[in-house]
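Trainee: Protein chains in written order, with this note's numbering: chain R, 139 to 940; chain S, 32 to 193; chain D, 56 to 344.
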Amino acid sequence: MKVAEKTKFIQPGTLIGKRIPKMDAPEKASGKTRYIHDIDLPGQLYGKILRSERVHARIKHIDTAAAKALPGVHAVITAADIVDQRPIGVAKDHLPLKTDKVRSLRDEVAAVAAESEQIALAALRLIKVEYEDLPILTDPAEAIKPGATLIHPEPRQPGGQDALKPSGPVAFTGKPDNIAMRFDYCHGDVVQAEAESDAVVEDTFKLHYVTHCCMGVSGMIADFDSSGNLLMYSNTQVPFLHKREFAEYLNMDPGRIRIIQPAIGGGFGSKLDIYPFEVICVFLARAAKRPVKLVFTREEEFISSPTRQPVLLTLRSGCKRDGSLTFRTVHTLHDNGAYTSWGATTPFVMMQTFSSLYRVPNCDYHTVAVYTNNPYAGSFRGYGNLQATFAVEAHMDKLAEAIGMDTLEFRLKNAQEQGEVSGQGMEFDSCGFKECLTTAAERSDFRRKFAENVKNRNAPGAIKRGVGIASMLHVGGGAKIYPSDGCGTILKLDDFGQVTLITGASEIGQGSETVLSQLVCEELGLPMSALTVVNNDTAITPWDVGVHASRTTFIAGNSALGAARLAKAKVLAAAARKFECPAEELDLRGGYVIKAASGEALIDLPRLMRNLHFSDKAELVMTTFYYEPPSSYQDKRYKGNVSAAYAWASQVVEVEVDTETGIVKMTKITAAHDVGRVLNRLGIEGQIEGGIVMGQGYALTESLIIENGVMRNPSFRDYKLVTAPEIPEIDISFIETMDGEGPQGAKGVGEAPAICVAAATANAIYNATGVRICGLPFTPERVYRALHGKGEKLYLAPEKAA
Amino acid sequence: MSLKHDIEFKLNGVSRCASVRVDMSALDMLRDVAGLTGTKYGCGEGECGACTILVDGLSLNSCLMFAVDCHGRDVVTIEGLAADAKADALRAAFVEHGAVQCGYCTPGMVMQASHLLATHPDADAEAIKRGIEGNLCRCTGYTKIVEAIASVSRTGKPGARS
Amino acid sequence: MTEIEQYVAPSSLEQAAEYLQRSGEVTILAGGTDLMPQSQGGRLKIKRTLMNIQHIPELKGIAIDGGAIRIGALATITEIMQSELIKKHLPILIEACDHFASDQIRNAATLGGNVCNASPAGDMLVPLLVLDAEVELASKPDGGLTRRRLPLSEFFVGPGKTRRAPSELLAGLRIGLPGAHHYARFFKFGTRPALDIATISIGIAGTLNNGALSSARVAFGAVAPVPMRAPRTEQALEARRLDAATIEAVAGVARDEVTPIDDVRASAWYRKELIHNITKRMLDHVAQA
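1) Could you check whether the segment 159-173 of chain S touches the segment 831-846 of chain R, counting it as contact only if at least three pairs of C-beta atoms, one from each stretch, sit closer than 8 Å?
2) So, does the segment 190-199 of chain D touch the segment 64-73 of chain D, judging by three or more C-beta pairs under 8 Å?
3) Tell me the DSSP secondary structure of Tyr-325/D in three-state form.
4) Reducing DSSP to helix, strand and coil, say where Leu-275/R ends up.
5) Have a look at the DSSP bridge pairing and note the partners of Ser-194/D.
6) Quick one: does Ser-46/S have its CB under 8 Å from some CB of chain R?
7) Rank Val-831/R, Phe-440/R, Lys-774/R by C-alpha distance to the C-alpha of Gln-789/R and give the top, closest one.
8) Less than 8 Å between CB atoms is the rule here; does Glu-139/D satisfy it with respect to chain S?
9) Anything in the segment 72-83 of chain S with a Cβ closer than 8 Å to a Cβ of chain R? List those residues in chain order, please.
10) Which residue or residues does DSSP assign as beta-bridge partners of Asp-201/R?
11) Between Phe-440/R and Tyr-857/R, is the Cβ-Cβ spacing less than 8 Å?
12) Output yes if chain D places a C-beta closer than 8 Å to the C-beta of Thr-452/R; else output no.
13) Within 8 Å (strictly less), CB to CB, does Val-177/S reach chain R?
14) Using the rule of at least 16 other Cβ atoms within 10 Å of the residue's Cβ for burial, across every protein chain shown, is Ile-607/R buried or exposed?
15) Do you know whose CA, among Gln-256/R, Leu-537/R, Pro-448/R, Phe-518/R, lies nearest Val-338/R's CA?
16) Are there any heavy atoms of the ligand FMN lying less than 7 Å away from the beta-carbon of Phe-584/R, as far as the coordinates show?
17) For the alpha helix (DSSP H) holding Gln-399/R, just list the boundary residues, first then last.
18) Rounding to the nearest angstrom, what Cα-Cα distance links Asp-63/S and Ala-526/R in this structure?
19) Can you list, in chain order, the residues of its chain with a C-beta nearer than 7 Å to that of Ile-200/R? Leave out the 5 residues immediately preceding and following it.
20) Please list the partners that Tyr-922/R has in chain A, where partner means a Cβ-to-Cβ separation under 8 Å.
21) According to DSSP, is Lys-551/R helix, strand or coil?
22) Inspect the beta-carbon positions of Gln-656/R and Leu-817/R and report whether they are closer than 8 Å.
23) Closest to Cys-324/R by C-alpha separation, out of Gly-563/R, Thr-171/R, Asp-363/R, would be which residue?
24) Under DSSP, the alpha helix (DSSP H) around Tyr-135/R begins and ends at which residues?
25) Just to check my reading of the structure: Arg-815/R and Pro-150/R have Cβ atoms closer than 8 Å, yes? What is that Cβ distance to the nearest angstrom?
26) What does the Cβ neighbour count give for Gly-357/R, buried or exposed, with the cut at 16 atoms within 10 Å?
27) List the endpoints of the continuous beta strand (DSSP E) containing Glu-39/S.
28) Residues of chain D with a CB under 9 Å from the CB of Asp-105/S: which are they?
29) According to the Cβ coordinates, are Ala-261/R and Leu-208/R closer than 8 Å?
30) Apart from the five residues on each side of it in sequence, which residues of its chain come closer than 7 Å, Cβ to Cβ, to Gly-190/S?
31) Against chain R, does Phe-97/S count as a neighbour if the rule is that its beta carbon must be under 8 Å from one of theirs?
32) So who's on the other strand from Arg-296/D, going by DSSP bridges?
33) Is the Cβ of Asn-851/R closer than 8 Å to any Cβ of chain D?
34) Helix or strand or just coil, what does DSSP make of Gly-276/D?
35) Pick helix, strand or coil for Pro-901/R, following the three-state DSSP scheme.
36) Once DSSP output is grouped into helix, strand and coil, what is the label at Cys-171/D?
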């Protein structure tokens with residue numbers, strides 16, 4: 139019996155700005171999610187790498203006979219066994235297995251694939267390597283001097299190492315000096331500007347080694363099928379770039395390489411480059427003709443992962459008596475380590491902060507990254523911006539003090555507004571900078587506390603309170619550092635009203651799946667439960683640059699939105715035909731096609747989809763979209779609008795400094811972030827809280843101690859991440875500037891929260907004690923020394939501008 | 032190869048035996064012998080808590096425990112916690128409060144939180160922070176984890192704290 | 056390379072002592088929290104016999120025994136922390152337990168293990184030193200189980216080295232019941248509440264009368280090859296009224312008495328500064344008590 143359906147009206151609602159739990163969280167909280175460590179393939183072997191025992195040495199001889207003879211060992215390889223090795227890395231200066239020399243303690247000398255990890259480790263112990271030590275170069279200031287030992291001398295010396303020299307093509311033949319990379323940038327005339335300045339300050343800052351410490355250690359599984367196609371289970375953040383690069387290194391057709399990214403135990407920029415262990419894993423699989431799984435130990439993760447690039451930096455800044463900034467001149471010396479990875483290119487981002495955080499009419503920036511025998515540096519959340527902001531914001535305080543101006547007022551005077559274009563050509567189409575400053579200051583009662591603390595500096599008692607403010611500018615709409623910054627989406631609607639979102643964007647724990655699903659569901663008027671995401675597999679998903687530069691929500695979000703809009707148009711067009719009305723009068727809401735004006739439900743989506751499916755045209759709703767942001771590739775002088783949108787933030791840090799021990803306790807952080815628009819409140823709060831605490835670690839506790847090329851603290855025991863009892867109270871405000879290009883107005887914020895914590899902390903310590911500390915981290919001993927006149931003396935002679 | 036020893040113990044409520052190398056950690060035994068991969072390796076020296084399990088009702092770092100020492104004991108892993116109604120609420124709280132990002136520390140964090148709430152049912156935020164001081168998380172900054180655990184703590188003892 | 060040849064889990068002290076007597080090649084497993092990472096990291100080699108002592112009832116428990124509190128070697132840090140006896144008589148040990156590693160480690164780590172590891176930074180050792188604790192060592196040299204006692208202050212001979220003979224097993228620790236007006240405090244320096252290797256630690260104890268400590272005991276951790284008693288500091292403190300000048304003088308003696316080294320955690324200079332400043336701070340508290 140058919141019952142007449144009652145007319146149904148669907149109330150409007152939105153998913154935007156709501157607290158939406160991560161779609162992958164239930165599996166993760168149950169221990170069911172499989173990370174690379176949890177995956178085993180049939181017939182799989184275990185790979186292990188023998189690393190150098192010397193910081194800088196010639197490899198004279200490697201004897202692998204005993205290792206090869208050990209039962210259970212399937213392959214032992216050295217550079218001599220891999221005739222087609224090619225150099226990897228940003229400057230192609232790094233052979234995965236070292237031939238003639240080791241240049242740092244982490245260097246890969248040989249590798250083993252065996253039936254168990256124990257056997258592989260036993261085999262490593264049987265490999266005998268003879269070294270001849272070379273002079274060690276670990277101070278970048280020494281490395282840059284003429285006549286210094288060369289880390290990559292050119293041309294390769296004839297004789298001696300020939301037996302180990304690869305016969306394959308080697309693009310990199312060495313360098314006449316230790317300079318790995320240089321960046322020079324300028325706008326305006328800093329000499330003239332300095333002459334016109336009323337106050338000029340100069341300091342040298344020392345930014346230290348830190349590393350990502352992803353909770354899941356690095357790993358990889360490589361497997362060739364019987365036709366020679368390569369399948370990699372990889373933790374990479376950039377699968378499509380890697381697919382192409384691996385094809386080059388292995389001299390394979392990229393079409394024969396598939397990369398699957400299982401759930402990843404943290405990225406933070408650590409997985410943007412190809413590392414030797416990944417290529418070695420593939421070599422082992424090829425040699426053993428079996429799948430090979432290679433997973434690091436925690437100690438190996440510390441020793442052989444890239445670091446944030448350590449920098450010695452001299453900043454000279456000036457302003458006029460009225461508080462307007464006049465110029466910034468910057469010289470930096472970066473310790474590149476023995477090989478070039480993305481760390482060497484962080485000046486690209488640092489210069490954006492020097493040129494464009496606050497209105498700077500004149501800016502001169504010279505930077506050089508030099509080779510040493512230290513661990514090499516890679517990319518890390520913030521990409522140089524933590525280092526640059528640390529210096530810039532110290533000077534904002536110093537200049538304000540020099541001219542006797544309120545430090546907040548000074549910042550507000552120089553903060554940009556919507557519509558401005560910076561000296562470097564960055565176009566601030568949406569800009570909540572001033573609102574970030576005032577919000578953070580007001581919510582933390584910054585002005586009152588600042589004045590009170592200065593007054594109490596000399597009061598009795600060991601504990602001094604301090605408050606400091608700092609701001610940051612970072613790309614928030616992708617970053618055009620490759621010819622394309624785009625992302626593709628495929629969207630499929632099935633006849634149960636279920637949507638499959640196939641996206642190029644990788645979920646690495648940051649919540650991209652959930653936010654992309656939200657954007658699609660919002661557009662199609664569906665609940666989150668109607669959506670399935672397919673991602674993290676290069677054989678299935680469309681192209682994407684990868685997870686970096688805080689770009690996924692913005693770029694992949696716009697891509698998903700584009701596909702959803704096409705799908706919606708298709709569905710509404712079909713409904714319009716069915717109900718014989720203009721499509722413009724219809725909308726999608728609550729799983730129904732509705733009359734847009736009244737909300738009256740006309741047909742539920744599954745039924746309409748089945749209608750389409752079984753119609754004469756047998757139509758399926760499947761759409762594709764590729765989004766390319768309207769940003770530009772910078773010119774040779776690094777000018778241009780590198781991002782489609784920019785994120786701003788101001789943070790106020792409150793500290794208690796124990797002057798008798800040097801302990802700095804971070805009590806509260808008040809953060810105001812211009813995020814464009816909040817899409818998933820739960821997700822964005824989590825990103826910002828996590829970033830702030832990562833910034834806290836950078837400021838207070840984390841430091842890789844490297845002495846003469848040797849890492850002294852490769853464990854969580856002495857490399858100290860922030861633990862739960864140490865976290866400050868965190869107050870977050872979102873400034874919603876509704877970016878015109880952003881998906882639903884949103885901008886990227888992945889890196890932003892970590893960037894200015896250390897800078898604000900330095901200012902807070904100064905506010906508390908009257909002592910300016912220019913080196914990080916603020917460990918008790920460093921602070922105590924500084925307070926007792928025994929601080930480090932930092933100086934970097936400015937190089938003559940080229 | 033290394034000496035092996037036979038052990039009998041209860042794993043997630045079910046009695047079982049295993050033959051393990053005497054120098055093997057309980058973590059390796061759980062993952063490689065029992066095939067339960069929810070318990071994670073993070074550091075191998077008790078500094079990160081990713082491998083936290085319950086043994087006779089106490090939370091331990093399984094990476095520091097000898098597998099042979101499981102003999103005769105009652106071992107519960109994240110997989111076994113599923114049977115516990117209180118733990119259901121805890122896992123749901125982690126999801127709803129956004130306490131999960133990359134998720135690698137999550138099983139250990141849930142195990143430790145479960146032990147914490149079993150021993151301190153009305154733990155406040157400060158007690159919760161101390162309770163998870165042996166569990167590192169690199170993504171969340173802990174705030175949402177503390178909130179998630181506190182929400183269950185409140186459920187356990189209505190009005191204990193706000 | 057010798058492999059482990061035998062795994063034993065004796066169920067009585069007598070059996071365990073027999074194993075130790077028969078072969079000196081025994082590695083003792085209690086909580087495992089130090090043994091496992093040391094052996095996996097290649098810093099310690101497990102000997103021919105791995106002996107798990109967890110099933111020996113005589114090594115367990117915390118009880119009053121002949122005017123002293125006896126803490127079995129297998130008592131975990133958590134058990135000590137929850138013990139009503141300890142709370143009542145030896146609250147300084149509760150303080151130390153609260154600064155010990157993490158909940159997971161406190162649930163497994165044993166007091167005996169902490170003592171036998173003899174780390175200069177061992178968290179329980181400094182408070183035990185100022186409590187005049189004694190170690191109780193059991194062995195079976197000629198067919199019968201014998202026990203000997205040794206003051207803890209004489210037990211440590213170097214980092215990781217003690218006066219325990221290879222044939223002996225640490226059975227427990229004995230601490231005399233403190234008398235009236237007993238005062239004892241512990242301080243561990245770190246930026247975290249617990250999960251931290253002490254940069255320095257300080258224990259101060261004695262009988263507090265009229266603002267002066269008599270039978271003063273002072274011990275320092277992580278500033279010498281072993282956790283050390285500080286006799287010169289004790290002497291400077293003994294029965295003196297704790298006015299500002301005395302406190303400053305005692306803190307100065309303390310700074311001069313310690314012999315720390317530079318390592319990844321801190322420099323020797325900074326450790327000496329901390330010893331001075333924290334000793335002063337702790338004595339200020341005593342003066343106000």
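Heads up, the beta-carbon is just placed ideally off N, CA and C, and yes, glycines get one too.
Mentor: With the structure as the only source:
1) yes
2) yes
3) Within the third sequence, the letter at position 270 stands for residue 325/D. Assignment of Tyr-325/D by DSSP, reduced to helix, strand and coil, places it in the helix class.
4) Residue numbering aside, residue 275/R sits at position 137 when the first sequence is read from its first letter. Residue state, collapsed to three classes: coil.
5) As a working mapping, residue 194/D is identified with position 139 in the third sequence. Its beta-bridge partners are Thr-201/D.
6) As a position in the second sequence, residue 46/S is number 15, starting the count at 1. With 8 Å as the cut-off, Ser-46/S does not count as an interface residue toward chain R.
7) Taking the first residue of the first sequence as position 1, residue 789/R is located at position 651. Closest option to Gln-789/R, Cα to Cα, is Val-831/R.
8) The sequence position of residue 139/D within the third sequence is 84, counting from 1. Not closer than 8 Å to any Cβ of chain S, the Cβ of Glu-139/D fails to qualify, so no.
9) Listed by position, the residues of the segment 72-83 of chain S near chain R (Cβ gap below 8 Å) are Tyr-72, Gly-73, Cys-74, Gly-75, Glu-76, Glu-78, Cys-79, Ala-81.
10) Numbered from 1 along the first sequence, position 63 holds the residue referred to as residue 201/R. According to DSSP, which records beta bridges pairwise, Asp-201/R is partnered with Lys-266/R.
11) Numbered from its first residue, the first sequence carries residue 440/R at position 302. Numbered from its first residue, the first sequence carries residue 857/R at position 719. Closer than 8 Å, so yes.
12) Within the first sequence, numbered from 1, the residue matching residue 452/R stands at position 314. Cβ-Cβ to chain D under 8 Å: no for Thr-452/R.
13) As a position in the second sequence, residue 177/S is number 146, starting the count at 1. Yes, contact with chain R.
14) Counting from 1 along the first sequence, the entry for residue 607/R is found at position 469. Looking at its Cβ environment, which holds 16 or more other Cβ atoms inside 10 Å, Ile-607/R is buried.
15) Within the first sequence, the letter at position 200 stands for residue 338/R. Here the closest residue by C-alpha is Leu-537/R.
16) Looking for the ligand FMN in the displayed structure turns up nothing, as the structure carries no ligands at all.
17) Working through the first sequence from its first residue, we reach residue 399/R at position 261. Note, Gln-399/R: premise wrong, no alpha helix (DSSP H); not H, not E.
18) In the second sequence, the residue the question calls residue 63/S occupies position 32. In the first sequence, the residue the question calls residue 526/R occupies position 388. Distance between the alpha carbons of Asp-63/S and Ala-526/R is about 46 Å.
19) Counting from one through the first sequence, the residue named residue 200/R turns up at place 62. Thr-216, Val-247, Ala-248, Ile-265, Val-267, listed in sequence order.
20) This model lacks chain A altogether, as its protein chains are R, S and D.
21) Counted from its first residue, the first sequence places residue 551/R at position 413. If DSSP states are grouped into helix, strand and coil, Lys-551/R belongs with the helices.
22) Taking the first residue of the first sequence as 1, we reach residue 656/R at position 518. Taking the first residue of the first sequence as 1, we reach residue 817/R at position 679. Yes, the pair counts as a contact, with Cβ atoms nearer than the cut-off.
23) Start at 1 with the first residue of the first sequence, and residue 324/R comes out as number 186. Taking only the C-alpha atoms, the option nearest Cys-324/R is Gly-563/R.
24) Because chain R is modelled from 139 through 940, residue 135/R falls outside the range shown and cannot be assessed.
25) Walking along the first sequence from the start, residue 815/R turns up at place 677. Walking along the first sequence from the start, residue 150/R turns up at place 12. About 18 Å separates the two Cβ atoms, so there is no contact after all.
26) Within the first sequence, the letter at position 219 stands for residue 357/R. Counting Cβ neighbours within 10 Å, Gly-357/R comes out buried, since at least 16 surround it.
27) Taking the second sequence and counting its residues from 1, one reaches residue 39/S at position 8. Glu-39/S -> beta strand (DSSP E) spans 35-42.
28) Here residue 105/S refers to the residue found at position 74 of the second sequence. What Asp-105/S touches in chain D: nothing, since even the nearest Cβ is about 14 Å away.
29) Numbered from its first residue, the first sequence carries residue 261/R at position 123. Numbered from its first residue, the first sequence carries residue 208/R at position 70. Note that the C-beta distance between Ala-261/R and Leu-208/R is below 8 Å.
30) On the second sequence, position 159 is the one that residue 190/S refers to. Per-residue confidence for Gly-190/S stands at a pLDDT of 42, beneath the threshold of 50, marking its modelled position as unreliable; the derived number appears in the next sentence. Closer than 7 Å at the Cβ level, and outside the excluded window around Gly-190/S, lies no residue.
31) For the purposes of this step, residue 97/S is identified with residue 66 of the second sequence, where counting begins at 1. Using beta-carbon distances, Phe-97/S does not count as an interface residue toward chain R, since no partner is under 8 Å.
32) Within the third sequence, the letter at position 241 stands for residue 296/D. In DSSP, Arg-296/D forms a bridge with Ala-267/D.
33) In the first sequence, counting from the first residue as 1, residue 851/R sits at position 713. At least one chain D Cβ lies under 8 Å of Asn-851/R.
34) Here residue 276/D corresponds to residue number 221 of the third sequence, with the count starting at 1. If DSSP states are grouped into helix, strand and coil, Gly-276/D belongs with the strands.
35) As a first step, residue 901/R must be located in the first sequence, where it is residue number 763. Checking the displayed sequence, the identity of residue 901/R turns out to be Asn instead of Pro. Helix, per DSSP.
36) The sequence position of residue 171/D within the third sequence is 116, counting from 1. Of the three classes helix, strand and coil, the one that applies to Cys-171/D here is helix, per DSSP.
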